[in-house]
Amino acid sequence: MTETTVAPERTETEAPQRGYIGVNVPRKEDKRLVQGEGLFVDDVKRHGMAYVHFVRSPYAHARIASVDVSKAEALDGVYGTLTGDEVAELTDPFFQIAPPPGGHVKDYALAVGRVRHVGEPVVAVAARTRELARDAADLVEVEYEPLDPIVDPERAADPDAPQLHDDVPSNTIWNGHFDYGDYDGALAAADKVIRIKRLHFDRFSSTPLETSGAVVEYNRGTGQWTLHCNNQFPGFAIIMMAPALRTGMDKLRFVSQDVGGGFGNKICTHPQLVALCLLSRKLKRACQWTEWRTEQHMANSHGNERVFLDVEVPVTDDGLMLGFKARMIDDCGAYTRYEPLGCIIWAQVTPGAYRWRNVRVEFTQVCTNKSPCGPNRGYSRMQHLWFTERVMDVVADELKLDRVAVRKKNYIRADEMPYETPNGCIYDSGDYALCLDKALELVDYESIEERRREAESRGKLLGVGIGSTLDSGTNNFGQATLVNPELQYSVNNEVASVKLDIFGEIVVTLGTTPQGQGHETTAAQIVADILGVTPDDVNVRPGHDSYWNSHAGFSGTYASQFAVTGLGAVKGATEMLADQIRTLAGAVLGGVPPEQIELAEGFARIKGNPEAALPFMACGAIVNANNAVLPLELRDITLNCRYVYVPPHQLPDKERKYGNLTLTYATQIHACVVEVDEETGSYEIVDYGAVDDCGVRINPQIVEGQVHGATAQALGAATHETFAYDEQGNLLTPNFYDYHVPHALDMPPLKTGYIESPSPFTPLGAKGMGEGGGAGLSAVCSALQDALRPVGRPIVYDSCNPYWRVWEMLRDPAKTRENVEVETR
Amino acid sequence: METAPVDSAFVSVQVNGESYEREVDARRLLVHFIRDDLDLTGTHVGCDTGNCGACTILLDGEAVKSCMLLAIQADGAEITTVEGLTHDGELTALQQAFSDRHALQCGYCTPGMLISATYLLEHNEAPTEAEIRKAIQGNICRCTGYVNIVEAIQAAASGEVKRD
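Chains as they are written, first to last, in the numbering used here: chain A, -9 to 815; chain B, 40 to 203.
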């Protein structure tokens, strides 16, 4: 096992001069958004359109005995319905990423014959108004024969557990063995072995404020659908939908402008979109659907719940951890839509921030009668990184090691970058120890003991915690072949087009579907630097349209990559355009070689002779209107340049599950101080520091906004947010009353810091970022465990710790300690 | 004497200075009336339960959640939605501060947030941070963690606003 991954070629330093890079250019998006002039999906209206409401299952698991839509259809104002039987006839089941047995899952736009989670769509009803559609839905009569549900992932594979899907025995979607380094050797070499029986990562989601939705129109003449929607990964949705609908990819036109938050939760909307396609064709009218909040909680993507069992950590006397062994059970809910990709995506960050060389993981994904899971900000890495940080604290605390010192001992060091992990991933750059120092400084770590005493005098337990996130970005989709060797996916791509129009207007189209990340602005910054104009001179088309010719197979906005893939494409296309302008201007200005032409202030001019200049408007006119001026030999100049950025990835080794899975690794290290009330278990975050390192920051204000937002989501997930189900599979937190997300008064004072470790592998030295919140989850757990130390040293096992869980730990710390054991060799 | 229930009613409102008169379903929510019937789509819907505040408007000068009222309850009222904040195309100090301080990302909560903040500053020219947080307590934002929103409102109150 000495073979190493080939590190990507280092990028030549031909990045544009840092004119607008690193500047807080005001966002182009803001003007329309602060005036209520954005265009979100529910704002789209069509003449005579139908409002659609889904009849959803009240049962977690049941056979559908009969469906009767006659009373609903008879209601005045109802345009029609769509049933599971129709869907089964008119479509094929969605393509499954998993090989068998998971690949046997049959997933349709509506339930066919059986429902598998509360909230699963069974019938779609279309009517003249939103209210009528709901009335009609109430008139649909569905007879169910309830079946026993399976809710607990740890029991899903039991022999007596109810089976969800035919031909998926033991409810086991996927199982894989990951073995890196020499785990047995590490165990033999250890002075101490720490064993943790169970850690548990809760189910939650980012719950974007705008729910999912679409207006779907069918063009009967061409057999083509236009989907005005807020799906955030049209590339994936089209690949899923076209075969199911038995149509060509180009028959599905995806259009979006403003999207009200996505966080991954708007990737897997393809089942509802297929139902709307069928309805719009059947009813010969545009069909509109906006998910209700309760529906989003019941049936949209949840983040994966994960259990870590039989964890074993070999440690040497000086506090060096040699690796870990664990069994991991991931719960993907009722259907596999993006899954089982989560079974490999954690491996992008196998050792977390640590120099752990020996790793053995038995990873199993099971299905249960709960809402299907899908990507959620920090997808699959968040769960795993939380695990690494929990391991770090449990080991440090049990061996009475200093938590900061032991982290620094185990951190991958800045001088080891680029660092190859035991499974062949290349961490591109970073300085974790420096980030930690800065985070600790932000919360005034030096004064902690003093503050602890002061809090104690007020009857409070004060604790400090640390968390980290490696925000891996720019996926190598070849990692999909590690869960299914038959898949024909690899590497990644994104597109941008940049053109100079007839009046000299610079127009940029992106392949991405931004949901607040400010792509129009950062793209304009890059274009402005290359063309020698200002961002105000650059018109970036808002949103996405798959008909714009700026759409590739992986187009979308997800997985922390725009600063690399999106802006890499923008840079490539703009450089092509700049070359064409220089060539054209050189010819027109009397046969001057292109390298003698510079672009500045909206002119192509001869260097050293600014009087000899051609305005961009003239360039645009020559190519687009005044063609006689265009020399014959320059007819291939279009001033309309399309560039596909493809990151330098290779296919990973399927046998060994080995290779570079992402191009960049942004870092976040957080430090958190909590005060716990010993009587009640309620607690407050009283100090918080977040340090980010995403390489070159194109627009620091936007980066910082992402840090704030990701942190807020993490703090919500750490303290309140959980999709809790009862034993019958009923969701107990189906709206913002029961599912408490942070409000303004809940947020602690946030302090932020940064360093910049440019990526050596990317076009601009930037790294994708935005998913760094996981550090906050770890930091809160870490701080709670520290705070509770004086009262029996309980151990924090769950990712979500509302006050009652803290109260339980306070009341019975010994119980939490039963799950941990230290063996001294 | 029995009265037959009515299922629709005539509603007359002033929205952003314009008069509208519509026959409307008695059960129609005010927010759907504003969005679907009047086509003023700046006011948003983010939940079913009155928690999120994306639909906040000024109704006769009071900040209210328009999903918690029926359209017919607004009969005779004067309403301001986010579209009515600017005058002659000039952004208000709050709108400008939201952009300057990067107090919005996806922009979905922004209309409700701006209305709540407008209401606050109309009644309290120099709010403390705690007062600002309390004033926007009924508005959920999932993108920003509220950090820059609070700063923007402080900046607008103190007149520290950049303009183009």
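Glycine included, each C-beta is placed from N, C-alpha and C at the ideal position.
What do you get for residue i, buried or exposed, if any count of 16 or more other CB atoms within 10 angstroms of its CB means buried?
| i | result |
| --- | --- |
| Thr3/A | With a pLDDT of only 48 at Thr3/A, under the threshold of 50, the placement of this residue in the model should not be trusted, and no figure is reported. |
| His43/A | buried |
| Thr(-8)/A | Residue confidence for Thr(-8)/A is low, a pLDDT of 40 falling below 50, so the modelled location carries little weight and cannot support an answer. |
| Lys256/A | buried |
| Val112/A | buried |
| Gly74/A | buried |
| Leu153/B | buried |
| Thr167/B | exposed |
| Asp203/B | Summary for Asp203/B: the model assigns pLDDT 45, below 50, so the residue's position carries little reliability, and this model does not support an answer. |
| Trp279/A | buried |
| Ile192/B | buried |
| His167/A | exposed |
| Pro6/A | Legend: pLDDT at Pro6/A = 47, less than 50; position of this residue unreliable, value from coordinates given subsequently. With 16 or more other Cβ atoms within 10 Å, it is buried. |
| Thr411/A | buried |
I need the boundaries of the alpha helix (DSSP H) containing residue i, first residue and last residue.
| i | result |
| --- | --- |
| Trp797/A | Tyr793 to Arg801 |
| Phe606/A | Phe606 to Asn614 |
| Glu101/B | Where Glu101/B is concerned, there is no enclosing alpha helix (DSSP H), although the beta strand (DSSP E) it sits in stretches over Glu101 to Lys104. |
| Lys173/B | Glu168 to Ala174 |
| Trp282/A | Per DSSP, Trp282/A belongs to no alpha helix (DSSP H) and is neither H nor E. |
| Asn400/A | Arg393 to Asn400 |
| Ile228/A | Pro224 to Ala234 |
For residue i, which option in the options has the closest C-alpha, if you only look at C-alpha atoms?
| i | options | result |
| --- | --- | --- |
| Phe593/A | Asn165/A, Gly533/A and Leu604/A | Leu604/A |
| Gly730/A | Ala178/A, Glu76/A and Thr197/A | The displayed chain sequence assigns His, not Gly, to residue 730/A. Comparing Cα positions, the closest option is Thr197/A. |
| Glu817/A | Thr71/A, Tyr69/A, Gly92/A and Tyr98/A | Any question about residue 817/A goes unanswered here, given that chain A covers just -9 to 815. |
| Ala174/B | Glu122/B, Ile118/B, Ala102/B and Ala195/B | Ala102/B |
| Asn359/A | Ile229/A, Ala151/A and Ala55/A | Ala151/A |
| Asp461/A | Leu620/A, Leu375/A and Ala577/A | Leu375/A |
| Gly580/A | Ala590/A, Val95/A and Leu620/A | Leu620/A |
| Val816/A | Thr657/A, Thr742/A, Pro780/A and Leu299/A | The structure shown does not extend to residue 816/A, since chain A is modelled only from -9 through 815, so no value can be given for it. |
| Arg347/A | Asn294/A, Arg367/A, Asp308/A and Tyr409/A | Tyr409/A |
| Asp308/A | Arg403/A, Ala395/A, Pro642/A and Met230/A | Ala395/A |
| Gln442/A | Gly26/A, Gly171/A, Gly9/A and Ala777/A | Looking at the sequence provided, one finds Arg at residue 442/A rather than Gln. Arg442/A has its Cα closest to that of Ala777/A, out of Gly26/A, Gly171/A, Gly9/A and Ala777/A. |
| Val485/A | Leu472/A, Gly501/A and Ala702/A | Gly501/A |
| Tyr417/A | Pro136/A, Leu23/A, Asn650/A and Thr237/A | Asn650/A |
| Ser672/A | Gln262/A, Leu154/A and Trp794/A | Trp794/A |
| Val488/A | Asn482/A, Ser480/A, Val481/A and Val497/A | Val497/A |
| Tyr548/A | Val578/A, Gly254/A and Thr512/A | Gly254/A |
| Gln247/A | Arg531/A, Trp215/A, Thr652/A and Thr411/A | Arg531/A |
| Leu785/A | Leu653/A, Val385/A, Glu588/A and Gly251/A | Note that residue 785/A is Ile in the sequence shown here, rather than Leu. Checking every option, the nearest Cα to that of Ile785/A belongs to Val385/A. |
| Cys258/A | Ile228/A, Gly250/A and Leu273/A | Ile228/A |
Measure the Cβ-Cβ separation of residue i and residue j and say whether it is below 8 Å.
| i | j | result |
| --- | --- | --- |
| Thr464/A | Val554/A | yes |
| Asn529/A | Glu495/A | yes |
| Ile492/A | Ala608/A | no |
| Ala180/A | Pro304/A | yes |
| Gly92/B | Lys104/B | yes |
| Leu426/A | Leu629/A | no |
| Glu665/A | Lys182/A | no |
| Phe552/A | Gly755/A | no |
| Asp667/A | Lys450/A | yes |
| Ala820/A | Met39/A | Because chain A is modelled from -9 through 815, residue 820/A falls outside the range shown and cannot be assessed. |
| Arg118/A | Tyr208/A | no |
| Asp383/A | Arg367/A | no |
| His817/A | Phe244/A | Any question about residue 817/A goes unanswered here, given that chain A covers just -9 to 815. |
With residue i as the anchor, note down where its beta strand (DSSP E) starts and where it stops.
| i | result |
| --- | --- |
| Pro136/A | Glu131 to Pro136 |
| Glu352/A | Asn348 to Val356 |
| Glu329/A | Run containing Glu329/A: none; DSSP gives neither H nor E here. |
| Leu500/A | Ile496 to Leu500 |
| Gly546/A | Segment: none, Gly546/A is in no beta strand (DSSP E) and carries neither H nor E. |
| Tyr744/A | Leu740 to Tyr744 |
Handout entry: At least 3 beta-carbon pairs within less than 8 Å: the stretch 122 to 129 of chain A vs the stretch 60 to 67 of chain A
Key = yes
Practice task
Say whether the stretch 27 to 38 of chain A touches the stretch 202 to 209 of chain A, bearing in mind that this needs 3 or more beta-carbon pairs closer than 8 Å, one atom from each stretch.
Solution key: Counting Cβ pairs under 8 Å, three or more are found: they touch.
Exercise for the section: Answer yes if the stretch 494 to 513 of chain A comes into contact with the stretch 683 to 693 of chain A, meaning at least three C-beta pairs across the two stretches below 8 Å, and no otherwise. Expected result: yes
Exercise for the section: Count the CB pairs spanning the stretch 393 to 407 of chain A and the stretch 318 to 330 of chain A that are closer than 8 Å, and state whether there are at least three. Expected result: no
Handout entry: Any 3 or more C-beta pairs closer than 8 Å across the stretch 364 to 375 of chain A and the stretch 757 to 773 of chain A
Key = Judged by Cβ distances under 8 Å, the stretch 364 to 375 of chain A makes contact with the stretch 757 to 773 of chain A, as three or more pairs qualify.
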